[in-house]
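J.: For the sequence shown, my numbering begins at 238 and goes up steadily by one.
Heads up, the beta-carbon is just placed ideally off N, CA and C, and yes, glycines get one too.
Note that this is a predicted model, so its numbers are computed, not measured.
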Amino acid sequence: MIFRGTILTNGEATAIVCTIGAGTEIGQIATMVKDTKEEKTPLQKQLAKLATFITYVVVIMAVSIFIVGMVFGAGRYTMLELIETAIAVAVAAIPEGLVISLTVILAIGMQYILKQKALVRKLVAAETLGSVSVICTDKTGTLTEGKMRVSHIITASEQTHASQFKAIQKKTSTFTESALALRIGVLCNNSVLQNPDDIKKEWKFIGDSTESALVHAGMLSGVQKHHLDAVLPRNAEIPFSSDYMYMATMHNVEEKQMVYIKGAPEVIIEKAGSYQDGGTVKNITKKQKEWFTGQAKTYASQGYRTLAVGYISYTAKKSSITKKDIKDIVLVGLFALSDPLRSEVKKTIALTKKAGIRVIMITGDHVKTAQAIAYKLGLPSDDMHVCDGAALEHMSDKEVRKIVTQVSVFARVDPKHKIRIVQALQKNNEVVAMTGDGVNDAPAIKAADIGVAVGSGTVVAKETADMVLLDDSFSTIVSAVQEGRGIYQNIKKVVVYLLAGSFAEVIMITGSIVAGLPVAALPGQILWVNLVEDAFPVMALAFDKGDKENMHDKPRKKGEPIIDSTMRTMIIVKSICANIILFALFVYFYTTTNDIALTRTIVFVGFAVDALFFIFAIRSMRHMLWRAPIFDNPYLILSVLFGWAMLLLAVYWHPLQKLLRTVPLAPEHWVVMICFGLFNLLLIELIKGIFLVKRQKPISHV
238 MIFRGTILTN GEATAIVCTI GAGTEIGQIA TMVKDTKEEK TPLQKQLAKL
288 ATFITYVVVI MAVSIFIVGM VFGAGRYTML ELIETAIAVA VAAIPEGLVI
338 SLTVILAIGM QYILKQKALV RKLVAAETLG SVSVICTDKT GTLTEGKMRV
388 SHIITASEQT HASQFKAIQK KTSTFTESAL ALRIGVLCNN SVLQNPDDIK
438 KEWKFIGDST ESALVHAGML SGVQKHHLDA VLPRNAEIPF SSDYMYMATM
488 HNVEEKQMVY IKGAPEVIIE KAGSYQDGGT VKNITKKQKE WFTGQAKTYA
538 SQGYRTLAVG YISYTAKKSS ITKKDIKDIV LVGLFALSDP LRSEVKKTIA
588 LTKKAGIRVI MITGDHVKTA QAIAYKLGLP SDDMHVCDGA ALEHMSDKEV
638 RKIVTQVSVF ARVDPKHKIR IVQALQKNNE VVAMTGDGVN DAPAIKAADI
688 GVAVGSGTVV AKETADMVLL DDSFSTIVSA VQEGRGIYQN IKKVVVYLLA
738 GSFAEVIMIT GSIVAGLPVA ALPGQILWVN LVEDAFPVMA LAFDKGDKEN
788 MHDKPRKKGE PIIDSTMRTM IIVKSICANI ILFALFVYFY TTTNDIALTR
838 TIVFVGFAVD ALFFIFAIRS MRHMLWRAPI FDNPYLILSV LFGWAMLLLA
888 VYWHPLQKLL RTVPLAPEHW VVMICFGLFN LLLIELIKGI FLVKRQKPIS
938 HV
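1) According to the neighbour-count rule (16 or more other Cβ atoms, all chains shown, within 10 Å of its Cβ), is Ile974 buried or exposed?
2) Residues in the same chain with beta-carbon distance under 8 Å from Ser739, minus the five sequence neighbours each way, listed in chain order, please.
3) Could you tell me the distance, in whole angstroms, from the CA atom of Thr413 to the CA atom of Asp576?
4) Straight-line CA distance for Met482 to Leu424?
5) In the DSSP assignment, find the unbroken alpha helix (DSSP H) run with Ala854 in it and report its ends.
6) Output needed for Lys664: all residues of its chain with C-beta closer than 6 Å, excluding positions within five of it in sequence on either side, in chain order.
7) Quick one: using the 10 Å Cβ neighbour count with 16 as the cut-off for buried, is Ser550 buried or exposed?
8) From which residue to which residue does the beta strand (DSSP E) around Val705 run?
9) Buried or exposed for Gln431, please, with buried defined as at least 16 other CB atoms from any protein chain shown within 10 angstroms of its CB.
10) Have a look at Met621, Asp651, His631 and Val650 and flag the residue whose alpha-carbon is nearest the alpha-carbon of Thr642.
11) Which residue from Val689, Asp708, Asp832 and Asp709 puts its Cα closest to that of Glu700?
12) What does a CB cutoff of less than 8 Å around Ala267 pick up in its chain, not counting 5 residues either side in sequence?
13) Contact check, Leu571 vs Gln539 under 8 Å by CB: the rounded distance?
14) If you drop the 5 nearest sequence neighbours on each side, which residues of the same chain put their C-beta closer than 8 Å to that of Thr409?
15) Out of Gly753, His906, Thr747 and Ala815, state which residue places its alpha-carbon closest to the alpha-carbon of Val295.
16) Just reading off the beta strand (DSSP E) that His860 is part of, what are its end residues?
17) Using a threshold of 7 Å, state whether the C-beta atoms of Ile521 and Ala509 are closer than that.
18) DSSP has Asn489 in a bridge; who is on the other side?
19) Taking the alpha-carbon of Phe773 as reference, which of Leu878, Val387, Leu380 and Val490 has the nearest alpha-carbon?
20) Are Lys795 and Asn917 touching if we call contact CB-CB under 7 Å?
21) DSSP state of Leu544, grouped into three classes?
22) Taking the C-alpha atoms as reference points, what is the distance between Gly306 and Ile750?
23) Leaving aside the five residues before and after Val369 along the sequence, list all residues of the same chain whose C-beta is less than 8 Å from its C-beta, in chain order.
24) Taking the C-alpha atoms as reference points, what is the distance between Gly753 and Ile927?
25) Taking a contact to mean a Cβ-Cβ separation below 7 Å, would you say Ser511 touches Val518 in this structure?
26) Measuring alpha carbon to alpha carbon, tell me which of Lys524, Glu797, Ser479 and Pro892 ends up nearest Lys282.
27) Okay, do the region 382-389 and the region 446-456 touch, 3+ Cβ pairs below 8 Å being the bar?
28) Distance check for Ala865 and Val775, CA to CA, integer angstroms please.
29) Ignoring anything shorter than 3 residues, give me the beta strand (DSSP E) runs that lie fully in the region 407-473, in order along the chain.
30) Use the C-beta contact count for Lys561: other C-beta atoms within 10 angstroms, 16 or more gives buried, fewer gives exposed.
31) Determine the contact status of Ile682 and Phe647, defining contact as a CB-CB distance below 7 Å.
32) Going by C-alpha distance, which of Thr606, Ala344 and Ala679 is nearest Pro652?
33) Check whether the Cβ of Lys354 lies closer than 7 Å to any Cβ atom in chain C.
34) How big is the Cα-Cα spacing for Val769 and Met883?
35) Measuring only the C-alpha atoms, how far is Asp375 from Ala684?
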């Protein structure tokens, strides 16, 4: 069978087209990817709600102010003044710097994540990482080093350790069955050693890690693939599939046609009709099958990946082989392969537990192997926390939704099962990160909230993914999640900062209209505060690293608003208290001086000074100002200094005075406004002390 998308390296063939387009294997995968809906991120959903809310508020308040002015200010305000005031309210209510600030935060966050060796391909995905509640991860190469090696060869008459492989190539060697097992493993194999003539430590393999391990063992034992391929070329092949769990190749060996098979022990042992024992082929009994099965389970329970190999001999010539031919196998033996765990993974998984993040290991390995690895990693590994693909196949969607709440290990899983696992978790309101490397993984990667492709994976997987692991390491995912939480913290700071300022401006303007006074601030002055005084400090917040304790918190719930009840309380209390004072100053200066230009300038300076002080208080919601590192973000210091410089220019430079309708202030006015800013700063710290400084205890389990 020739599959669309594969490459023929040499030879000639006549083929009959069985199906085209969506009917091909790769076409079916493409259809699944296309049909998989890509949900909006939590941030996109919450920002859409926030934008809708602000729009309603702006329209209602602008219309209300116009009506109030017409009713209460009849004869006091002209129609033009009321329209100007309504515009001022709309300008005040809209946080103009929000969009650009969020873009900068996400872009800078992507750079920070890149430093952790993860490439974020989609801007909004940088923030979504911070809300991940479940990480579904492959085992090989992600939790392990991806350096698969053959550790043992088990046959009916001998067990050969890796340290004995060199003895196999000696003529006096007694390891005849181990040599045959290696011969099968090397010929029934698509991995390639690029530089067989180089020294061992410089060998470079291309292909699957398991197959590369067999080629590596063959090289150590004198069973060299490049020599065997030349002498015993492949005549036919049944490629490996996770549906039937084996691979078979056919070769001409002397006067016979030999079919070499390797695959899952449970499949090969079941199809075996005989076995090799001491150079003799014997009929296999139920007891002997149980012995081989027991050996496979024993090694699997110790964390080894196990493979069985065997052969079928034909005296009559055959031009092809099919799955129907794979029966009555002569079982030769088993391979036990090991792949060392990455040194940092166990510590990283412990960190995910503290952060309230579940880790689910998904692997094609035997259940016993998966359980052993999970135990070593500190994941729940007893039977109730483990499920295999065969069981998953017969479950309804409702049953899958139930088991994913407790299962931590999925073994013998096909790529098609991954998408069911992802969708079941999402229906349980989890935010899911899913790793994958193959073309078949693409639908699950796309369906996940954060699709993660490993750097060594296929182009299709990487093109579909939201993030690519440049080092293939699980720890990189967790580091990216930590950065994502920092990004979300910065987004919350920006939203609170801008909305608090906008709310304060709206109160001032509304209050002045209701009181029958001139408008407290002009649209141009408000725009200057929002776009010049606020914008640069807000963008500098993008360089904040976030609180170190953010991995001690649970992931935020799906649908949780950006502005929670505590934040709303802080915005309202701060804005009301600060504006009572600022409004009192507005009334005082207007009634004592009867100079509306001076009074508006004082209010304008009050808004700006408040913003430039408030930025320091908002940096940490977990620490009081005097306990937080103030100078660890030099960009923020520079932006605040720039803000002060622009404020002075707005007040004293004639072109800006004319544009903004400001007048110079006396020193005593500055003293009053700085005292006002300091009062607001202390007020925020008081509110933080009451509502926000709540250190959560680390989560011991999920």
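T.: According to the structure shown:
1) Nothing in the structure corresponds to residue 974, since the chain is present only between 238 and 939.
2) Ala329, Ala330, Ile331, Pro332 and Asn767
3) 26 Å
4) 17 Å
5) Ile833 to Ala854
6) Arg638
7) exposed
8) Met704 to Leu706
9) exposed
10) Met621
11) Val689
12) Ala259
13) Not quite, the Cβ-Cβ distance comes to about 13 Å (not below 8 Å), so this is no contact.
14) Only weak support is given to the placement of Thr409: the predicted model assigns it a pLDDT of 45, under 50, and the value that follows is read from those uncertain coordinates. So the list is empty, once near-sequence residues are dropped.
15) Thr747
16) Run containing His860: none; DSSP gives neither H nor E here.
17) yes
18) Gln494
19) Leu878
20) no
21) strand
22) 7 Å
23) Ile594, Val668, Val669, Ala670, Asp686, Ile687, Val718, Gly721 and Pro792
24) 36 Å
25) yes
26) Glu797
27) yes
28) 18 Å
29) none
30) exposed
31) no
32) Ala679
33) Considering every chain present, this structure includes no chain C. It has just one protein chain.
34) 8 Å
35) 16 Å
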